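So the structure is just underneath, and the comments pick up after that.
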Amino acid sequence: MGKGIFSKVSSWFTGKSRAQPDEKADSSMVGVTMDAQGRIYVDGKHQPHLEEKLKAQFQERVEPRAHHFQFAKYWLPHLALGNSVKFYDTFTGDDAQQSLEVLWNGVGTQLKNEEPLSAEGLALTSQEAGEWKVILISMPAPLVPNECHFVAAVLNPDQPTELRLFGLEKAAPNTDSDLETVLVEWNTEGRHTYSPAAAAASDAFIKRILQIVDSAEESITFVDLRPMGWFS
Numbered sequence: 030m031g032k033g034i035f036s037k038v039s040s041w042f043t044g045k046s047r048a049q050p051d052e053k054a055d056s057s058m059v060g061v062t063m064d065a066q067g068r069i070y071v072d073g074k075h076q077p078h079l080e081e082k083l084k085a086q087f088q089e090r091v092e093p094r095a096h097h098f099q100f101a102k103y104w105l106p107h108l109a110l111g112n113s114v115k116f117y118d119t120f121t122g123d124d125a126q127q128s129l130e131v132l133w134n135g136v137g138t139q140l141k142n143e144e145p146l147s148a149e150g151l152a153l154t155s156q157e158a159g160e161w162k163v164i165l166i167s168m169p170a171p172l173v174p175n176e177c178h179f180v181a182a183v184l185n186p187d188q189p190t191e192l193r194l195f196g197l198e199k200a201a202p203n204t205d206s207d208l209e210t211v212l213v214e215w216n217t218e219g220r221h222t223y224s225p226a227a228a229a230a231s232d233a234f235i236k237r238i239l240q241i242v243d244s245a246e247e248s249i250t251f252v253d254l255r256p257m258g259w260f261s
């Protein structure tokens, strides 16, 4: 695979990494399910004419999917902030996309109560922006609040230990933001939020986080996650 965190990303996990089937999410509606791509099924049959009507009901009822949530909001922060140099080397290397998919599948093998999700939509790009390098991870489409659209690392390649990690989450329908997103940053102490957020588009997200970095903008909220074992 080439160079990666701990030589091979697959060494983070036990078990064989493999493609995984779509996850079905149950609601209180008997016989109605929604797959990882947001398709609605009734008694196992795809019903596209019901999707717009029923998606909102699922988004109100369904908790974040464990695979999606843990990958974006636990594993990526711990890997990026715990060893930023190796994170940078792995996810800017020739095998960056492959490494990302190995990590995704590895997280799936650790789930206890849910089926793993497909990696469809998971993608990695990197770009230069002045002195900054931005490593952007596009997530499989979020279906419910507290799942991420994107996760992005921002750093100066000459000082990779100064990495900062941001995420753009899907917001609850009753949020005050017209953008229906929440802009967050993780560090080794916890989770910050910023306002305004950004539209759920990669260019808008990158533009907004670069504004934060360049201006030393302060967050509007902070949750200390250390009492819950964050980086303990």
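Going by our numbering, 125 is the number at position 96 of the sequence shown; the sequence numbering is gapless. We treat Cβ as the ideally placed atom computed from N, Cα and C, and that holds for glycine. Since the structure is predicted, the reported quantities are computational estimates derived from the model, not experimental observations.
DSSP on residue i, reduced to helix/strand/coil?
{"i": "Asn262", "result": "No answer is possible for residue 262: it lies beyond the span of the chain, which begins at 30 and ends at 261."}
{"i": "Leu105", "result": "helix"}
{"i": "Ala125", "result": "helix"}
{"i": "Lys199", "result": "strand"}
{"i": "Val173", "result": "coil"}
{"i": "Gln188", "result": "strand"}
{"i": "Glu247", "result": "coil"}
{"i": "Ala229", "result": "coil"}
{"i": "Ala95", "result": "helix"}
{"i": "Val242", "result": "helix"}
{"i": "Glu143", "result": "coil"}
{"i": "Ala54", "result": "With a pLDDT of 35 at Ala54, under the threshold of 50, the modelled position of that residue is not reliable, and no figure is offered here."}
{"i": "Trp259", "result": "coil"}
{"i": "Asp207", "result": "coil"}
{"i": "Arg47", "result": "In this predicted model, Arg47 has a pLDDT of only 31, less than 50, meaning its place in the structure is not dependable enough to derive any value."}
{"i": "Phe42", "result": "Any reading at Phe42 needs caution, since the residue's pLDDT is 44, under 50, leaving its predicted position unreliable; the model's value is listed next. Reduced to three states, the DSSP call for Phe42 is coil."}
{"i": "Val59", "result": "Reliability fails at Val59, whose pLDDT of 39 lies under 50, so the model's placement of it is uncertain and no value is given."}
Using DSSP bridges, identify the partner residues of residue i.
{"i": "Ala182", "result": "Ile164, Leu194"}
{"i": "Asp253", "result": "Gly219"}
{"i": "Leu153", "result": "Ile166"}
{"i": "Leu212", "result": "Leu197, Tyr223"}
{"i": "Ala158", "result": "Trp161"}
Nearest by alpha-carbon distance to residue i: which of the options is it?
{"i": "Pro145", "options": "Thr154, Ala152, Asn134, Ser155", "result": "Asn134"}
{"i": "Leu132", "options": "His107, Gln156, Phe195", "result": "His107"}
{"i": "Thr190", "options": "Asp118, Pro93, Glu198, His97", "result": "Asp118"}
{"i": "Thr217", "options": "Tyr223, Ala182, Trp259", "result": "Trp259"}
{"i": "Ala201", "options": "Gly150, Asp123, Gln76, Pro93", "result": "Pro93"}
{"i": "Asn185", "options": "Ala148, Glu247, Thr121", "result": "Thr121"}
{"i": "Gly159", "options": "Glu143, Asn142, Asp187", "result": "Asp187"}
{"i": "Leu153", "options": "Gln99, Glu130, Met257", "result": "Glu130"}
{"i": "Pro169", "options": "Leu197, Ile238, Asn112, Leu239", "result": "Leu197"}
{"i": "Pro256", "options": "Lys236, Ala230, Asp243, Gly219", "result": "Gly219"}
Can you round the beta-carbon distance between residue i and residue j to whole angstroms, since I take them to be within the 8 Å contact cut?
{"i": "Leu208", "j": "Ala228", "result": "5 Å"}
{"i": "Cys177", "j": "Ala125", "result": "Contact flag wrong, Cβ pair sits at about 18 Å."}
{"i": "Leu140", "j": "Ser155", "result": "Contact doesn't hold; Cβ gap of about 28 Å is too wide."}
{"i": "Ser224", "j": "Ile249", "result": "5 Å"}
{"i": "Glu143", "j": "Ala95", "result": "5 Å"}
Answer yes or no: do residue i and residue j have a C-beta to C-beta separation smaller than 8 Å?
{"i": "Val173", "j": "Lys199", "result": "yes"}
{"i": "Glu214", "j": "Phe195", "result": "yes"}
{"i": "His97", "j": "Pro171", "result": "yes"}
{"i": "Phe116", "j": "Ala182", "result": "yes"}
{"i": "Leu110", "j": "Leu192", "result": "yes"}
{"i": "Gly150", "j": "Ser128", "result": "no"}
{"i": "Trp104", "j": "Val136", "result": "yes"}
Are there any heavy atoms of the ligand MN lying less than 7 Å away from the beta-carbon of residue i, as far as the coordinates show?
{"i": "Trp259", "result": "Judged by which ligands are present, the structure shown has none, so any question about the ligand MN falls away."}
Is there a C-beta anywhere in chain C that falls below 8 Å from the one on residue i?
{"i": "Asn142", "result": "Considering every chain present, this structure includes no chain C. It has just one protein chain."}
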